[in-house]
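Colleague: For the sequence shown, our numbering begins at 470 and goes up steadily by one.
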Amino acid sequence: MLIYQAVFDAYRQMKFIRNAERIRINPAAIGLSIENSIHFCLTEIKKMLPSRWEVNVEKEGDKYLVVIYFTCELNDSWNIFEAGPIIRILEQENPKLLGYFLQFLSAMVRVAAIGNWQTDFQDDLFNLRDRVEEMWADPEEYEDLDELTLALNEYNAGAPDHFGRKILNIKKVNLKKLQQQARRFRSCPEVANVICQGCELLMEGRSLAEYRNMDRMEKEGYDGYYLQLDLQYCVVWKYADPVFDDYEEYLNSMANEGLEEPEIRLVIDQNLKLEDILHCDDRKSWPMRLANFMDRAKELLVIFKSKYEPTDGRADEDF
470 MLIYQAVFDA
480 YRQMKFIRNA
490 ERIRINPAAI
500 GLSIENSIHF
510 CLTEIKKMLP
520 SRWEVNVEKE
530 GDKYLVVIYF
540 TCELNDSWNI
550 FEAGPIIRIL
560 EQENPKLLGY
570 FLQFLSAMVR
580 VAAIGNWQTD
590 FQDDLFNLRD
600 RVEEMWADPE
610 EYEDLDELTL
620 ALNEYNAGAP
630 DHFGRKILNI
640 KKVNLKKLQQ
650 QARRFRSCPE
660 VANVICQGCE
670 LLMEGRSLAE
680 YRNMDRMEKE
690 GYDGYYLQLD
700 LQYCVVWKYA
710 DPVFDDYEEY
720 LNSMANEGLE
730 EPEIRLVIDQ
740 NLKLEDILHC
750 DDRKSWPMRL
760 ANFMDRAKEL
770 LVIFKSKYEP
780 TDGRADEDF
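1. My output table needs one value for L698: the three-state DSSP class, helix, strand or coil.
2. Tell me the start and end of each unbroken alpha helix (DSSP H) in the region 553-585 that is at least 4 residues and wholly inside, in chain order.
3. Rounding to the nearest angstrom, what Cα-Cα distance links F773 and V712 in this structure?
4. For I494, name the three-state secondary structure that DSSP assigns.
5. How is the alpha helix (DSSP H) around V642 delimited, first residue to last?
6. Closest to E504 by C-alpha separation, out of M517, M470, R491 and N488, would be which residue?
7. Between which two residues does the beta strand (DSSP E) holding I772 run?
8. Using 8 Å as the Cβ pair cut-off and three pairs as the minimum, do the region 648-655 and the region 663-670 touch?
9. Give the DSSP bridge partners of C703, in chain order.
10. Based on the DSSP secondary-structure assignment, which residues constitute the bridge partners of K805?
11. Could you please give the first and the last residue of the uninterrupted beta strand (DSSP E) stretch that includes L735?
12. Can you name the start and end residues of the alpha helix (DSSP H) that M672 belongs to?
13. Once DSSP output is grouped into helix, strand and coil, what is the label at Y708?
14. Does the region 552-566 come into contact with the region 743-761, if we say contact requires no fewer than three beta-carbon pairs (one atom in each stretch) closer than 8 Å?
15. So what's F590 in DSSP terms, helix, strand or just coil?
16. Specify, as a first and last residue, the run of the alpha helix (DSSP H) that M517 falls within.
17. Does the ligand NAD have a heavy atom nearer than 7 Å to the CB of S754?
18. On the CB-based measure, 16 or more other CB atoms within 10 Å of its CB, does L619 come out buried or exposed?
19. Round the Cβ separation of F654 and L566 to the nearest angstrom and send it over; I've been treating them as touching at under 8 Å.
20. Specify, as a first and last residue, the run of the alpha helix (DSSP H) that N633 falls within.
21. Do C749 and N585 have their beta-carbon atoms positioned less than 8 Å apart in this structure?
22. Tell me which same chain residues have a C-beta within less than 7 Å of the C-beta of P731, skipping the five on either side of it?
23. Does DSSP put F485 in a helix, in a strand, or in coil?
24. E490: buried (16+ other C-beta within 10 angstroms of its C-beta) or exposed?
25. Between Q591, R487, H508 and I499, which lies nearest to A475 when the distance is taken from Cα to Cα?
26. Counting along the chain, where does the alpha helix (DSSP H) carrying I746 start and finish?
27. In the DSSP assignment, what residue or residues form a beta bridge with V524?
28. Taking the C-alpha atoms as reference points, what is the distance between N638 and F573?
29. M723 to I492, Cα distance in whole Å?
30. Using the C-alpha atoms, what's the distance from M517 back to Y777?
31. Would you say A581 and R734 are within 8 Å of each other, going by their C-beta atoms?
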C-alpha cells in the first residue's frame, strides 16, 4: 500500500503542476486493483511528460519515490586533454599564467567533478606498482621495464605528483575573476582561451555528480563493473606514457562492459515545478557541451605545445 500511496500522490502532483487540476478520485477506491491503479497512475504521469522523459518508482530507505528521468546525449569517447607538457612550458615561460591554469584545473575537479591524473590514476598506480615489482623478479622477460619504472617513479614523486598535489591544495577559485585575468594573456592565446571557455562552462555550476544514477546501473545488472560517468572525462598528465597507456587499457576494459549515461533525475514531490521539466535545455546539453569543450581544449593546447617543440624533430624529454 505504501508504494501505491506514493504513486497516487505523484500522479496528483503532476496533474496539478501540469494542468492546475486537483485530483480527488482515488482509482483504487472505485474498483481498480492496487496493481492496476499503480499502472494507471504511472501511465498518466508518462503522458504528461515531454518526449524522452521516463518515469520510475524507487525505494529509498523505508519509503518510495516516484522519479522522472531524462537520459542526456553524450559521445562514447574518452574526453581528455593533456596538461603536463603545458604546465612544464608555462613553468619556464609564463609562471603567472601557470598559476591561473592550475586554478582552472582545480576548479574542474571541485566544481564539475572532472578527474585528473592525481585523482583518477591512484588505484591503477597502486596495482601497477605491484605488477612492476613482480616484473623485476625476471626483468629480461619484459621489454621497456626501465621506461615503465621511470614513469611510475615520476607519478609517485616527480612533477606529476608535485603539480597534482598543488592543484588539489587550491581550495577556492573565483571563476569570473579567473576568466578576466586569463583574458590579459594575449601572448598565450591558446591557454587563455582554454581557461576562459572552461570557466564559462563551469560558471553554470553543474557537476558530473548530479548526472549520475548508480542505482539504475546496478538494477540493469552491471554489478559495479561499468565505466562510470565521471571517469569518461579526465585531464591527463601526458599522452602515451606507460602509466597513461596502462590506465587507458583499464578504462577500455570497463567501457566494453557498459557505459554510465548522464541522466537528469527529478523526484515528483511538492518542490517540483513545471519549469524544472520544461526549461532545462541547458542542463540536458551540459554533458555534451563539456565533452565538446574537452575536444577544443585538446586542440588548442596541442597548438600551444607545438610552438615550443624542438625544431630538430627530437622529442623533449621534459614534456
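C-beta atoms are modelled at their ideal positions from N, C-alpha and C, and glycine is treated no differently. If you're wondering where the values come from, they're calculated on a predicted model, not measured in any experiment.
Modeller: Reading from the atomic positions:
1. Along the sequence shown, one-based indexing puts residue 698 at 229. Looking at L698 - three-state DSSP - the assignment turns out to be helix.
2. 553-562 and 564-579
3. For this step, residue 773 is matched to residue 304 along the sequence shown. For this step, residue 712 is matched to residue 243 along the sequence shown. Their Cα atoms are separated by approximately 24 Å.
4. Along the sequence shown, one-based indexing puts residue 494 at 25. I494: coil per DSSP, three-state reduction.
5. Mapped onto the sequence shown, residue 642 falls at position 173. That residue, V642, is in no alpha helix (DSSP H); it is neither H nor E in DSSP.
6. For the purposes of this step, residue 504 is identified with residue 35 of the sequence shown, where counting begins at 1. Ranking M517, M470, R491 and N488 by Cα distance to E504 puts M470 first.
7. Numbered from 1 along the sequence shown, position 303 holds the residue referred to as residue 772. First-last for I772: D750 to S775, but that is the alpha helix (DSSP H), not the beta strand (DSSP E).
8. yes
9. Position 234 of the sequence shown, counting from 1, holds the residue named residue 703. Partner(s): I549 and G584.
10. A question about residue 805 goes unanswered here, because the residues of the chain that appear run from 470 up to 788.
11. The sequence position of residue 735 within the sequence shown is 266, counting from 1. Its beta strand (DSSP E) spans residues E732 to V736.
12. As a working note, residue 672 is residue 203 in the sequence shown. No alpha helix (DSSP H) holds M672; DSSP gives it neither H nor E.
13. Here residue 708 refers to the residue found at position 239 of the sequence shown. Here Y708 sits in coil by DSSP.
14. no
15. The residue labelled residue 590 in the question sits at position 121 within the sequence shown. DSSP places F590 in coil when its eight states are reduced to three.
16. Residue 517 sits at position 48 when you count from the first residue of the sequence shown. Where M517 is concerned, there is no enclosing alpha helix (DSSP H), given that its DSSP letter is neither H nor E.
17. This structure does not include the ligand NAD; it has no bound ligands of any sort.
18. Here residue 619 refers to the residue found at position 150 when the sequence shown is read from its first residue. By the 10 Å Cβ count, L619 comes out exposed.
19. Position 185 of the sequence shown, counted from the first residue, corresponds to residue 654. Position 97 of the sequence shown, counted from the first residue, corresponds to residue 566. About 5 Å separates the two Cβ atoms, so the contact holds.
20. Counted from its first residue, the sequence shown places residue 633 at position 164. The question names Asn, but residue 633 in the sequence shown is Gly. Run containing G633: A628 to L637, per the alpha helix (DSSP H) assignment.
21. In the sequence shown, the residue the question calls residue 585 occupies position 116. In the sequence shown, the residue the question calls residue 749 occupies position 280. No, the Cβ-Cβ distance between N585 and C749 is not below 8 Å.
22. Taking the sequence shown and counting its residues from 1, the one referred to as residue 731 is at position 262. The answer, listed in chain order, is C541, L543, Y680, L698 and P756.
23. The residue given as residue 485 occupies position 16 in the sequence shown. Helix.
24. As a first step, residue 490 must be located in the sequence shown, where it is residue number 21. Flag for E490 reads exposed.
25. Here residue 475 refers to the residue found at position 6 when the sequence shown is read from its first residue. Of the listed residues, the one whose Cα sits closest to A475 is H508.
26. Here residue 746 refers to the residue found at position 277 when the sequence shown is read from its first residue. Taken as a continuous stretch (DSSP letters only), the alpha helix (DSSP H) holding I746 covers L743 to L747.
27. Position 55 of the sequence shown holds residue 524. Answer is I537, bridged to V524.
28. Residue numbering aside, residue 638 sits at position 169 when the sequence shown is read from its first letter. Residue numbering aside, residue 573 sits at position 104 when the sequence shown is read from its first letter. Cα to Cα, N638 sits roughly 13 Å from F573.
29. Taking the first residue of the sequence shown as position 1, residue 723 is located at position 254. Taking the first residue of the sequence shown as position 1, residue 492 is located at position 23. C-alpha separation (whole angstroms): 47 Å.
30. Here residue 777 corresponds to residue number 308 of the sequence shown, with the count starting at 1. Here residue 517 corresponds to residue number 48 of the sequence shown, with the count starting at 1. Distance between the alpha carbons of Y777 and M517 is about 57 Å.
31. Numbered from its first residue, the sequence shown carries residue 581 at position 112. Numbered from its first residue, the sequence shown carries residue 734 at position 265. The answer is no: Cβ separation not under 8 Å.
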